[in-house]
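Presented below is the structure to which this report refers.
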DNA sequence: TGTCCATAATGAGTTTAACTCATATATACA
DNA sequence: TGTATATATGAGTTAAACTCATTATGGACA
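Chains as they are written, first to last, in the working numbering: chain A, 2 to 230; chain B, 2 to 230.
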């Protein structure tokens, strides 16, 4: 029966979700190594063995928790900059959202690192880690749309800019948390935008060199004038 | 006996070092969770129990391994940019060295993260993690010396620049490793310097516009003068 | 509605690996 | 050389991830 089948599937999915929710709370409280499968089972109101019917092992559970989180984040981020069409504003909104989320949900991000940085023997285990890639693609989309509209220069290196954007924000988030100063978010965003703006507007450093050449020429001319008197 | 005492101390330090060397090889091969204390003991040619006379637990051993590595790296980095007095060249050398090392010794950096991101119940355990701070201070020193010499603008935010510098390089390193393209190091450094140069030269973007106006006026005047002879 | 069967849940038992501690060995010093 | 102190050992303890033989559940069909 169709209805029976769907309710059955729904029930299983509900259990899966229940495990993830329980696992998240335990992982957030204790971190990966000190989180106990038994506690997760307790909170999910399941026997310990049952966990293993839904997830292969502890690693698979963290992975599911982290993936779930990034999925949510990705959806919300999209909403955060869909208010405007102005590319710089979109970029700023994304930066603001990203940094805010990094600071707010730092423990989950940490969990992601544990996952990322734990060597696994079987090759397939690191598959399905593309939730971060999907998230990072949001940045690419903003840049590409800006380029299409002629607002951003087309000769910028997207991979480098992406590294700069997310790298700076991530490092800044760590610094904020370490020093317990989450109020500096606005200042960081402003500064990041100040760095990105000229580059995205298409000022290359060869122009700087030109400027220098001009300055030198001026310098010579002025010195000549001064000698004249 | 003094010589006896020193040889005794030397012997203990040698054992300590032997443990670290053994531990590093095992951690690099297997990652934190799959590294076995028994294997470390085997390689160090000590009984498993002996390890615990030198280090409180497995965590303490990784910490020592990572600290040891950062100490070395810090020393070498200092040498890497001591060749020159030119501040931009120093900065570039530091960036180059940092990215190269991140790519080369990625597994050790990973270990650092495991440490960093593993919650610990007793507060004192996260002490002695300042090796990274010492390393990061190298950047500060280059910037500050450049400011003293009048090459770098003094109104830049050092903490932000530091986040941008290390954040970008770290993220870029991850990207390089993930995509297995360690040959792009030079390109990344060039681009990072292109971003930093105008900011360190003290061009805020509102100033850039001013500069352009001034330059144009000067240009006109000078051309006139040059025609005078 | 009652019987049967496939699917899911259980938790006691197994295994693995960090950590301890009673015992043994080496070293310093008289 | 004898004794005391410091260092080393590895069998034993403990904790926690993971397994599997057994039990429960809930839907299909008479």
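Heads up, the beta-carbon is just placed ideally off N, CA and C, and yes, glycines get one too.
Quick one: which chain B residues come within Cβ less than 7 Å of residue i?
i, result
"residue 200/A", "196"
"residue 161/A", "189, 192"
Should residue i be flagged as near chain B, meaning a C-beta pair shorter than 8 Å?
i, result
"residue 114/A", "yes"
"residue 40/A", "no"
"residue 222/A", "yes"
"residue 217/A", "no"
Strictly below 7 Å CB to CB, what residues from chain A border residue i?
i, result
"residue 26/B", "Result: empty, since nearest Cβ-Cβ is about 14 Å, beyond 7 Å."
"residue 140/B", "Result: empty, since nearest Cβ-Cβ is about 12 Å, beyond 7 Å."
In chain order, what residues of the same chain lie with their CB nearer than 6 Å to the CB of residue i, ignoring the 5 residues before and after it?
i, result
"residue 76/A", "none"
"residue 194/A", "93"
"residue 181/B", "none"
"residue 219/A", "none"
Got a sec? Which residues, its chain only, sit under 8 Å from residue i by beta carbon, not counting five neighbours each side?
i, result
"residue 63/A", "24, 28, 33, 112, 115, 116"
"residue 168/A", "none"
"residue 56/B", "20, 62, 65"
"residue 132/B", "67, 68, 71, 72, 75"
"residue 153/B", "88, 144, 147, 201, 202, 203"
"residue 96/B", "166, 170, 190, 193, 194"
"residue 80/A", "none"
"residue 136/A", "71, 74, 75, 78"
If I measure Cβ to Cβ from residue i and keep anything under 7 Å in the same chain, skipping five residues before and after, which residues do I get?
i, result
"residue 100/B", "170, 173, 174, 186, 189, 190"
"residue 155/B", "148"
"residue 178/B", "104, 107"
"residue 150/B", "88"
"residue 110/B", "103"
"residue 48/A", "42"
"residue 44/A", "23, 26, 27"
Where does residue i sit, in a helix, a strand or coil, going by DSSP?
i, result
"residue 130/B", "coil"
"residue 189/B", "helix"
"residue 60/A", "helix"
"residue 87/A", "coil"
"residue 26/A", "helix"
"residue 106/A", "coil"
"residue 73/A", "helix"
"residue 181/A", "coil"
"residue 80/A", "helix"
"residue 4/A", "Bear in mind that the predicted position of residue 4/A carries a pLDDT of just 41, short of 50, making it unreliable; the figure below should be weighed with that in mind. Looking at residue 4/A - three-state DSSP - the assignment turns out to be helix."
"residue 37/B", "coil"
"residue 155/B", "coil"
"residue 18/B", "helix"
"residue 113/B", "helix"
"residue 168/A", "helix"
"residue 203/B", "coil"
"residue 49/A", "helix"
"residue 150/A", "coil"
Between residue i and chain A, is there a C-beta pair that is closer than 8 Å?
i, result
"residue 158/B", "yes"
"residue 132/B", "no"
"residue 227/B", "yes"
Could you tell me if the beta carbon of residue i falls within a distance shorter than 7 Å of some heavy atom in the ligand FMN?
i, result
"residue 70/A", "Only the bare structure without any ligand can be found here, which leaves the ligand FMN out of the picture."
May I ask you to list, following chain order, the residues of the segment 164–188 of chain B that have a beta carbon less than 8 Å from some beta carbon of chain A?
-> 164, 165, 167, 168, 169, 170, 171, 172, 173, 176, 188
**Item:** Positions along the segment 49–82 of chain B whose CB lies within less than 7 Å of some CB in chain A
**Value:** none
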